Structure formats: C-alpha cells, structure tokens
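Read the structure below first, then the notes.
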Amino acid sequence: MDNLRQKAKELLESKTVNLVIGYENGTNGKARAVFITDPEKTGKLIYDERCKQNLAVYLNKHEVKHYGKIAIVAPLMVMRSILVLVSECQVKKENIVALGIGEDGSLLDFPSLEVVEKYVAKIPLGNPQSDQEILDKLNAMTMEQRRAFWQNELERCFKCYACRAACPMCYCLRCTVECNQPQWISAPAHPLGNLEWHMLRTMHLTGRCVSCGDCGRACPLNIPIHLLTMQQAEEAFHMFGVRAGTSMKAESALSTYKPDDKENFIL
Amino acid sequence: MSLSNIYVPYLMEIESITEEAPEVRTFRLKFKNQEEGENFNFKAGQFAEYSVMGGGESTFCIASPPTRAGYLECTFRRTGRVTNALSKLEVGDTVGLRGPYGNIFPIEEWEGKNLLYIAGGIALPPMRCVIWNTIDKREKYKDITIVYGARTVNDLVYKNELKEWEERPDINLITTVDPGGETPEWKGEVGFVPTIVDKVAPKAENTIAIVCGPPIMIKFTFPVLKKLGFADENIFTTLENRMKCGFGKCGRCNVGKYYVCKDGPVFTLSQLNNMPAEY
Amino acid sequence: MTPEKKIIDRVALDKLYESLKAAGNKMFAPVFRNEQTDFEYNPNASEISYNHIQTTQSVKNTVFPKIENLFRFESSQKGVDLLNIDFTKVPRVVVWNAHPCDAAAFSALDSVFNWDFKDEIYNSRREKLAVIGMSCIKADENCFCTSVDLNPGSVKGSDILLTPLANGTYLAEILTEQGKAIADANASLFTASNGENKEEVLAKVEKQFDHSKVTENLANGFENPFWHEFSLRCIGCGACAYVCPICTCFDIQDESKAGNGRRLRCWDSCGFGLFTLHTSGHNPREIQSQRWRQRVMHKFSYQPDRNEFIGCVGCGRCSRACPVDMNILEQLVALEKLEVAK
Ligand code: SF4
Ligand code: SF4
Ligand code: SF4
Ligand code: SF4
Ligand code: FES
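Okay, structure coming up:
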C-alpha cells in the first residue's frame, strides 16, 4: 500500500499524470473509488479484498477524460478492461498509466501498456471460480429449467441500468434499448422488455466481457446478471480462442472475421 | 368514460397538411368530437402534447391563434421518433392532443405598446400564434415589427403568411437568411438574426421584444437588445425544454424551482436571470 | 379523529393479516428472498419479515408502479378508439408493515400528483390504499429520519401504526377513520392498552444535520465545486431514484402492434444522461455532476420551495442501493457545512 501511495504521489508531483483513480475507505466499511489530483492526498489510497469495483468504467466518463493523463489502480480486471477500451479506440493508450496490482496485492511496475499485455498473457484467465460453479450448475440444467431460472430473475429487473452503468464496456451513448427509430426492443421494464434487453446486452458484450462481475454487484435487486455475460465469455473463448482484454489490437471475437473461424453454430 | 383521465388525449382529425419547408409540415386539426372542440380554450403561448397512437407523444406549441376558432394548427420538423410517425400521416388520419398547457404571453398588458418579434428557423411557429393574435387585434398595438431568419430561403416557414405580412402597410417584416443561404432572387437581408436586429436597431422605448429561436440565436440576440436599451422585463422568450407530461409531474422540464411546462414556456429575461441556465 | 391505542399480540397480528387478505385486499408486505428484503404482493403470513432494517424498494410501487397503463387504443377501418382504464378494477391494497419513513412518503407523492392537475390514475390507487405502519426498533448507519423531521415512531401517513413492545406484543395506534374501520372489523384481535410507552423501544437515530441549513446553503451553492468533487464517482444509473419512495420522474411510452396497444408511464431518472436531451442534440444537463446536483437540489431546495415538503424521508435506500457508495447522508452532512458565498 505504501508503494502504491508513493508511486501515485510521484506521478502527480512530476505531473506525469493529472489524476489518480484508486480506491479509498468509503462509508460503513465499504471501499470505493477515489479521484486524486493533489499529491498530498495520495495517503487516502488503499487496496484490499473489498476493492472490487472495476474502476476502468471511469475512463470513459466525460468529467474524468477531461483530466487528460490519468493513472489508475489496476488489478487484473482493470488491466483487461483498459486493453479492451484501447483496442476499441475509447481511450488513448498514451493517456493511461496502469498502477498494476498483482494477484498478491503488490504493486506491479508497468512502464507501458505493452507490458500490461505481456503480464496478462502469463495469467490464466477465466471466470471467478464461484461464478463458474453457478454457471456449471445452470449449464447442467435442461433448457426449460434454465429458461425458468432466467425468467424468474429477469422479471424483477426494473431497468435502473446500474449493470450497464457499472460496466466499462457498456459505453454506448445510446444503448439499443434507447434507440427508437425503429424501436428494436421495448423500453418498459416488463418481463418481455427485460428479457429482450438483457439478451441484447449479453450479445453485445460477447467476447468483450472481462468477467469482473461488476454488473452483478451493481444490481440493487441482486439479479446475477453477470452470469449471462460470463457464460458468453466462455463461449467466445471456446469458439474463437480469444479472451477479451488480452491485447490492444482490435480482435474482438464477434467483430473480427478469420477464415478459420468455426462455423458450426450457424444454423 | 366513467372517470376522466388527464393522460387521455382528444382525438383530432387532420383537415389539411401544408408543406412549409424541407421536412417541416403544418397540420390543421379539428376535433372529432365537436363538443370537446367548443370547450377547448387556450391562449397565445400555450402548448400541447400531440401524439400518434403507437408512435408516442411530442410537445409543440399551438401555432394557430385563439382568435381563429374551429381549428388548431401545429407545425413540426421531422427529427425524432414521434415527428417521424406524424410525418407519415395523411389528411383524414387521427392525431391525439392533450392540452392546452403552460402559461401565456401577457398580450393584454402589451396593449398600447410597440411589438418586436424576433424568430429564428423553426421557432416561428411558437410565435405565429401570438403574432396573429395581436394582428387580429391590430388597433390595440402600436408598431409591429417582425424579424425572421432561417438558414436558407427554402427553410423559411409560412411562406404565404410572410407574403401577406410583407404586403401589409401596418406590419414591418424583415426576413433574413444566413450568409450563403440566399438565392439570386432573394430580396431580404443576408446575415444572422442578431446582426440584423442590430442593423435594424428597433427603438426600445415603449416596446416589448419577443424572441424565439435556437438557444444559440437567443444567446446572441439578448445582448443586442440590451444594447438597444431594452429592459430585461420587456424581453420575452419561450423555453423549449424536453417535456413529457406537460403538467408538472414527470420532472423532465424542471429548471431550478421552475417547471417549464407549468411556469413557462413563456419567460422574461429577468426571470431567466434568476434561474440556472439549464435550458 | 383522536387516535386510539390498543394491543395486539403476535398470533393475532398474523390473523389480522389473513383477515385483511381474505377480505379481498391485495397485501403489500416485506419478504426476505434473493438475499434481500423487499415488498411483494400477497405473501403468506409466515413469509413476512419483521426483523429487517430496510426493504430494498419502497412503498411507492403501490401507487406509482414501475409500469402503469395510462389508456389503451384500438384502430379499425373507422379510425382510432381510445379506451380509458377501468377505474373500478383498481384493487384495494393494504401496505403491511411499512416503516414510518415509507408511510410518510405518501404525502409527498400526493402533493406531486395533485398540484394543479389531478392525476386520476394515481388518486384511484391512493384512495384504495390503507397503510399499516411499523415503528422501527432498529436502524443502521444509513437511516436519518430524525434529520428530516421524522422519527422511528412517526405516525405520519399510517392508518394504524404498530410498535413491537418488549413483551412481544404490539402497541397499535389507530390513527384514521380507515384505520378504525380495520380495527373495528377485527375487534376481537385487539385488547385494551394499558398506557404502554413506545418511546422506550424505538430505535435511537441521532439527528445528523439541520435540513433548513442544507436548504439555505443550496440556495447559494449552485456553482459550488462541491458538485464536481462529490459526484465524480457517480456512474449515472437509476438505482437511487428507483428505490427512493419520493422520486417520481417518469417517461411516457407507447407499445402497440398493428395499431392496437397502450400508452404507458414508466419510471425514469433525472440521473440518466438522456433525460433532458433535446432532439436537436442540445442537452441542458450534459454531465453527471449537473445531474447529481439536480437530484439533491430538487429534493432539498426546489421541492421545499415549490411544494413545501422535503423530497426525502431519510430512509437511506439510495445509499444502500448505490453501486459506488454515493452516500446521501454523507453528502447532506457535508452540504450543511458547505462554505457558500451569499
Ligand atoms: S462482468 Fe459485467 S461489468 Fe464486468 S465486463 Fe463483464 S459485462 Fe461488464
Ligand atoms: S442493475 Fe439489475 S435491476 Fe438494474 S437494470 Fe440491471 S439487472 Fe435490471
Ligand atoms: S433520497 Fe434516499 S434517503 Fe431520501 S427518501 Fe430517497 S431513497 Fe430515502
Ligand atoms: S448516486 Fe449511485 S445510484 Fe445514484 S445514479 Fe449515481 S451511481 Fe447510480
Ligand atoms: S413536462 Fe413533465 S414536469 Fe414538465
């Protein structure tokens, strides 16, 4: 933690960056995002097991972009999200300094995002174990059982869009649910409208989800919405052999065509 | 219907459609239920929610004056979902209408004064109602000046009426188009509305200025009027905030402690000075 | 009417619930499911939670549901027909076991849906609603009812307010004619009270700020850097607005197939980027700090000014629901101390 604070302080002092995004102690024992511009305030930074929010979501926020060069505390999911955002031209790589956090919580030295790519390449990627276990159970169900499970979950959704707002990859200025010429899917939060929207969101995140789980954590109604995109992350890996957030080159599974892509899923 | 319901619109039939400019249309509407029509009272400045069943609702002013009974008119540009749906309608089709909502231009207080109307682009419709309203009571007002500008000659709306106003000796009409928007035959001014107002330099004494137009035009016209000596309380405008309900419930048009749908859409510059610039 | 006090025991309470349900009321009561406590319609008496601190959602759903039919339309050769909603089909609803903050919220909703234009759809639901409140004997760090003129035992908005007493019975304060009708119809379930004092069992909720000071500071704080600083974390979702018992922003949408369909009212939030976007592309509240400011200003400055109520009952739901720990209480305390130029 001291290393992290020290490094953040140096970056601000030397004006290498104008803003540091990290975690601080929030209210009622929670950890939360903090935005630091004053080197003297870097003492607020913390990193522990409560720091679960995917901070990369802020990189696309108007008020944050405004700061120009930004350092961001980056555990694995944030590193991967940065790589996706760079590959999709959402952030400029020269504007980002990743304050990498290793699996053991230690500060990693990342002089550039290329080094982040190399680091990520060495780590076995996949869904968090606890989530994968639930997915395995769901996958073992019959189609009818699974449909019933999701209908029951999604019916409750009131379309607060916290899941979408929490996800760094959900940055569209107008989400399909808000496009109304034509109205592709129903906007109201009734069971059908909910199902339609979540299916579309899931498809749009296929091959782009980094399995951080933040959408599910954000849901005030405890709908495990992250399981949908996490399942698709696995599907995309099995079909196309790529995982999201491993490279700054644009090779998102669903928007890149390769002659050797499997085609057996095409009906 | 057992109990009334403020969300249920009147059903209106499209009596005629006028193509005003590219993508801009005027509907003349009449009430399907005559009794509803007779009980419908509105004043200049008010607006309504127009809808296509299945296509949604949209807010526009009532563009015809209350002095012309028997019909209502609205003018809209095809831009969003609802105006697209409206554009597909033909004479005889049905439109829903809720209203009238909002406050009014205090035209009775303006009696005995000069009126200076300044409008830009598609903002002539909100003003047309009050213009006709005061023209229909011409003897009550002194000089009436209208400065109207659009991007190009083709974008000027109400071309027939502009001609009529032009020809009337008791109305001083000045039309202008943005530089580059003129045609070889164009006889009006060329230049942005604020510049033309500056050039025409109407006198501020005993005069009310009414300004409607895109936010940018309004922003640059106010200082010109101030320079000419207009007091803030003699400058009127209408705000075009996004609205849904029209009656102070949905929260969409809330700016500071005001609700544009209830307290507006008509505001004086002195009122605007006292509210956050969230319009 | 002058309030009456009675006693009801735990077994009789379940019977009262079943009796109201059997009388044809739709019961809106808190249940623990999906790892949270939230209101549901018509749970079994045994499923009802009596030991939660706060439900995820509020009671506004009973009078302002997430989707409301406004009317239906049908098209035919002859034109379009509008079908008003059948107000006789609006169900009688009993809100069961709502905390005082929730019960108090109804008066704010009444005011919004009735100032000037009367919203018949809202009113038809409201007229058929009875509220059985439950005083709080525990609270958490997010609760701040006492800072907004309420308290864990406030009677405001309840027809009957129950308070769980130390001996396991409940003190029932019968507060309105409607409450009396319920008590009278179930008279055998109640016993006489004996001067029981509810104050000693109520949760202790310290007053955290002076709301009139907040309102005063807001009047001069529109341009304060506070808004940028305190809202950088906000991701602009609708969670805080949707769980709030007082937020009433809504959208109007059509749904139809081949000319037949309905017009709906659905929840919306001033925190969404598209909320105020004009068709022209101009957006009066372009960035999140402006939208966050709108939320706080609306509740603590504009509503007190225009509607004479504070747009917040201190339930703390928004703080609990926020995915990024935008804690409203923390912000209000900071706003009370804000240095503003007058
Ligand atoms: S888990 Fe959810 S929030 Fe995280 S990247 Fe995937 S879709 Fe986005
Ligand atoms: S966060 Fe939950 S309730 Fe909100 S839109 Fe997403 S799934 Fe629905
Ligand atoms: S603003 Fe927050 S604390 Fe206040 S009433 Fe709404 S949800 Fe409760
Ligand atoms: S304060 Fe929290 S819940 Fe409200 S919009 Fe911001 S992130 Fe969402
Ligand atoms: S348009 Fe709904 S409150 Fe003004």
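Protein chains in written order, with this note's numbering: chain A, 1 to 267; chain B, 268 to 546; chain C, 547 to 888.
Think of the CB as a built atom: it goes at the ideal place given N, C-alpha and C, for glycine as much as any other residue.
Being a predicted model, the structure only gives us computed values, none of them experimental.
- In the structure shown, W642 (chain C) falls within a strand segment according to DSSP collapsed to helix, strand and coil.
- Considering only beta carbons, the part of the region 346-368 of chain B lying closer than 7 Å to chain C consists of T346, G347 and T361, in chain order.
- The beta carbon of G416 (chain B) sits closer than 6 Å to those of G387, T443 and V460, all from its chain and outside the five residues before and after it, given in chain order.
- The alpha-carbon of T246 (chain A) is positioned some 12 Å away from that of G126 (chain A).
- Listed as beta-bridge partners of D584 (chain C) by DSSP are C:V577.
- Interface annotation for the region 589-616 of chain C against chain A: T602, K612 and I613, criterion Cβ-Cβ distance under 7 Å.
- With 16 or more other Cβ atoms from the protein chains shown falling within 10 Å of its own Cβ, H204 (chain A) counts as buried.
- When DSSP reads this structure, W813 (chain C) sits in a beta bridge with C:F796.
- Using a Cβ distance threshold of 9 Å, T412 (chain B) and I374 (chain B) do not count as a contacting pair.
- Annotation: A733 (chain C) to N713 (chain C) spans about 21 Å, alpha carbon to alpha carbon.
- Secondary structure at Y161 (chain A): coil, using DSSP grouped into helix, strand and coil.
- Here the C-alpha atom of A187 (chain A) lies approximately 8 Å from the C-alpha atom of Q799 (chain C).
- The beta carbons of A162 (chain A) and G784 (chain C) sit closer together than 9 Å.
- With contacts defined by Cβ atoms closer than 9 Å, A390 (chain B) and M484 (chain B) form a contacting pair.
- Against chain B, a Cβ distance below 8 Å from F663 (chain C) picks out I273, F514, G515 and K516.
- Distances from the alpha-carbon of E406 (chain B) to those of B:I385, B:W377 and B:I463 put B:W377 closest.
- Set against 8 Å, the gap from the CB of H198 (chain A) to the closest heavy atom of ligand 1 is not smaller.
- Between I72 (chain A) and Y58 (chain A), the C-beta spacing is below 9 Å.
- Those residues having their beta-carbon less than 6 Å away from any non-hydrogen atom of ligand 2 are, in chain order, A:C157, A:F158, A:K159, A:C160, A:Y161, A:A162, A:C163, A:A218, A:C219, A:L221, A:I223 and A:I225.
- At a cut-off of 9 Å, the C-beta of C816 (chain C) has a neighbouring C-beta in chain B.
- Residue environment: D797 (chain C) is assigned as buried (16 or more neighbouring CB atoms within 10 Å of its CB, all protein chains considered).
- Between ligand 4 and the CB of I21 (chain A), the shortest heavy atom gap is not smaller than 8 Å.
- CA-CA distance, M141 (chain A) to N643 (chain C), rounds to 38 Å.
- If you check the C-beta of M542 (chain B) against ligand 5, you find no heavy atom less than 8 Å away.
- Between E280 (chain B) and T350 (chain B), the C-beta gap is not smaller than 9 Å, which leaves the two residues out of contact.
- Using a Cβ-Cβ cut-off of 9 Å, T822 (chain C) counts as an interface residue toward chain B, since at least one Cβ of chain B sits closer than that to its own.
- For E376 (chain B), no alpha helix (DSSP H) encloses it, and the DSSP letter there is neither H nor E.
- In the three-state reduction of the DSSP assignment, E687 (chain C) falls in the coil class.
- Think of a sphere of 7 Å around the beta carbon of D851 (chain C): the chain B residues whose beta carbon falls inside it are K524, in chain order.
- In terms of CA proximity to A336 (chain B), B:C396 leads the group B:G448, B:L382 and B:C396.
- If only uninterrupted beta strand (DSSP E) runs of at least 3 residues are considered, those enclosed by the region 417-453 of chain B are 439-444.
- Distance from the C-beta of G784 (chain C) to the nearest heavy atom of ligand 3 is not below 8 Å.
- By the criterion of a C-beta distance shorter than 7 Å, C167 (chain A) is surrounded in its chain by V57, D214 and C215, once the five residues flanking it on both sides are discounted.
- I413 (chain B) has B:Y384 and B:L440 as its beta-bridge partners, per DSSP.
- Any Cβ of chain A closer than 9 Å to the Cβ of G819 (chain C) would place that residue at the interface, and such an atom is present.
- Taking a Cβ-Cβ threshold of 7 Å, none of the residues of chain C is close to F237 (chain A); the smallest such distance is about 27 Å.
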